[in-house]
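Asks:
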Amino acid sequence: MPELPEVEVLVRHLAPALANRKIEGIEIKRSRIIAPTSVVEFSRRLRGAAFTQLARRGKYLLFEMKQPDGKTFPLVGHLGMTGRMYVSPRNAPLPKHAAAVFNLGAENFVFEDTRYFGRLTLDTSAIDALGPEPLGDGFTIEYFSQALQRSTQPIKVKLLDQQLVAGIGNIYASEALFRAGISPRLAARRLKLPQIERLWQALRETLSSAIKRGSTIRVDYSGAVLRDGLFYFGTAAEVEKFYEKRLQVYDRAGKPCVRCGSAVKRIVQGARSTFYCPKCQCG
DNA sequence: CACCATGTTCCTTG
DNA sequence: CCAAGGAACATGGT
Numbered sequence: 002m003p004e005l006p007e008v009e010v011l012v013r014h015l016a017p018a019l020a021n022r023k024i025e026g027i028e029i030k031r032s033r034i035i036a037p038t039s040v041v042e043f044s045r046r047l048r049g050a051a052f053t054q055l056a057r058r059g060k061y062l063l064f065e066m067k068q069p070d071g072k073t074f075p076l077v078g079h080l081g082m083t084g085r086m087y088v089s090p091r092n093a094p095l096p097k098h099a100a101a102v103f104n105l106g107a108e109n110f111v112f113e114d115t116r117y118f119g120r121l122t123l124d125t126s127a128i129d130a131l132g133p134e135p136l137g138d139g140f141t142i143e144y145f146s147q148a149l150q151r152s153t154q155p156i157k158v159k160l161l162d163q164q165l166v167a168g169i170g171n172i173y174a175s176e177a178l179f180r181a182g183i184s185p186r187l188a189a190r191r192l193k194l195p196q197i198e199r200l201w202q203a204l205r206e207t208l209s210s211a212i213k214r215g216s217t218i219r220v221d222y223s224g225a226v227l228r229d230g231l232f233y234f235g236t237a238a239e240v241e242k243f244y245e246k247r248l249q250v251y252d253r254a255g256k257p258c259v260r261c262g263s264a265v266k267r268i269v270q271g272a273r274s275t276f277y278c279p280k281c282q283c284g
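Under the numbering used here, residues 2 to 284 are what the first sequence spells out, in order.
#1: Just the C-alpha distance for Ala174 and Phe118, rounded to the nearest angstrom, thanks.
#2: With respect to the beta strand (DSSP E) encompassing Asp114, which residues constitute its N-terminal and C-terminal limits?
#3: Give me the DSSP bridge partner(s) of Tyr87.
#4: Determine the closest residue to Val88 out of Gly81, Ala101, Val250, with distance taken between C-alpha atoms.
#5: Rounded to whole angstroms, what is the Cα-Cα separation between Gly271 and Pro17?
#6: Could you tell me the distance, in whole angstroms, from the CA atom of Thr115 to the CA atom of Val12?
#7: Assuming contact is defined by CB atoms lying nearer than 9 Å, are Arg31 and Phe74 in contact in what I supplied?
#8: Among the residues of its own chain, which have a CB less than 7 Å from the CB of Cys283, if the five just before and after it don't count?
#9: Is the separation between the beta-carbon of Gly170 and that of Leu5 shorter than 9 Å?
#10: Using a threshold of 9 Å, state whether the C-beta atoms of Arg84 and Phe112 are closer than that.
#11: Express the C-alpha separation of Glu42 and Arg321 in angstroms, rounding to a whole number.
#12: In terms of DSSP beta bridges, what is Arg267 paired with?
#13: Give the list of continuous alpha helix (DSSP H) stretches no shorter than 4 residues that lie fully inside the stretch 20-105.
#14: Are Leu178 and Ile128 touching if we call contact CB-CB under 9 Å?
#15: Check whether the Cβ atoms of His79 and Pro3 sit closer than 9 Å, and answer yes or no.
#16: If the criterion is Cβ atoms closer than 9 Å, does the pair Leu208 and Pro135 meet it?
#17: Does the distance from the CB of Leu105 to the CB of Arg22 come in under 9 Å?
#18: I need the DSSP call for Leu121, collapsed to helix, strand or coil.
#19: Report the residue from Ile27, Gln147, Tyr144 whose alpha carbon sits nearest the alpha carbon of Ser1.
#20: Considering only their Cβ atoms, is the gap separating Val265 from Ile278 smaller than 9 Å?
#21: Starting from Pro155, follow its DSSP beta bridges and name the residues at the other end.
#22: Pick from Leu204, Gly182, Ala107, Ser146: whose alpha carbon is nearest that of Leu19?
#23: Just the Cα atoms here: how many angstroms apart are Ser146 and Ser210?
#24: Among all the DSSP beta bridges, which residues are the ones paired with Pro17?
#25: Tell me the DSSP secondary structure of Pro1 in three-state form.
#26: To the nearest angstrom, how far is the alpha carbon of Leu131 from that of Gln249?
#27: Closest to Met82 by C-alpha separation, out of Leu76, Ala189, Ile34, would be which residue?
The structure is reproduced here in structure tokens:
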């Protein structure tokens, strides 16, 4: 379920549910998701520890753990393509693709991941390589402009570079370029300053409005309820209402552009789909 | 059967 | 050495 907004919404949901909960036991069902940490080391460090703080960095979740002696250490999570994390009653059945289960006493903290691309590990090295937070103070127009000048890659591909800016994924890269009216094929270094400013603004608006929307829907990550096809859960009516106006171009190939009515196109860049309106995004 | 999928890493090629 | 492109990872949906 991953891109910055969905991770942010998840973090806000999980933080109060996990705060001060102690880990009584751990079950690792797929060791690849804790790599490069070993199962033995993972269990040794975490059994008896408690969750304290929870934060987000790019698409990563940063759990602060506290040992009985008061020392703290970080636990790093990533949802990959299909990961979900939630707290559910201990007697609830575990999902088919449960990757890790933490016994919190009356409840379990479950990390479920169909494709097992996600991570829940003690290795924090991935965090160090991340660029600035797009919604934070470090992501200035000056920084963005300088960084883009050094790249010949198409702007859509460059936006997925987590060292440029952290948290943009395949969906919101297309969405932000649509909002800014910029062609995804334009080489990064070819963007003019007005375009860079528009894109900078579009990125921040796209992400923050997605966070806002995600925060308004009733989210039940644990329930065996409907999902919206990607990230969220709720009743049929809730999901339909939520889904309706969520994305403006992504996955809309052949459908009319919401702004001008011409057909949305799908192209492949860097082996991944890009969606755009050839008429609104000709710059 | 074919192709597609929210992400990251590793390998090859130029 | 660097950038770019692609495959791999693993499972499911259409």
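Backbone N, C-alpha and C define an ideal beta-carbon position, used for all residues, glycine too.
Fair warning: this is a prediction, and the values are worked out from it, not measured in the lab.
Replies: A quick look at the data gives this:
#1: 21 Å
#2: 108-114
#3: Val111
#4: Ala101
#5: 39 Å
#6: 20 Å
#7: no
#8: Ser184
#9: yes
#10: A small fix is needed here, since residue 84 is Gly in this sequence, not Arg. Yes, these two residues count as a Cβ contact at 9 Å.
#11: Because residue 321 is not part of the residues shown, which for the chain are 2 to 284, the question remains open.
#12: Phe276
#13: Along the stretch 20-105, the alpha helix (DSSP H) occurs as fully enclosed runs of 4 or more residues at 40-47, listed in sequence order.
#14: no
#15: His79 places its beta carbon less than 9 Å from that of Pro3.
#16: yes
#17: yes
#18: strand
#19: The question about residue 1 has no answer here: the residues shown for the chain are numbered 2 through 284.
#20: Note that residue 278 is Cys in the sequence shown here, rather than Ile. Yes, Cβ-Cβ distance for Cys278 and Val265 is below 9 Å.
#21: Ala188
#22: The residue with the shortest Cα to Cα distance from Leu19 is Ala107.
#23: 23 Å
#24: For Pro17, which the question treats as bridged, DSSP gives no partner whatsoever.
#25: No answer is possible for residue 1: the residues shown for the chain start at 2 and end at 284.
#26: Cα-Cα distance, rounded: 27 Å.
#27: Ile34
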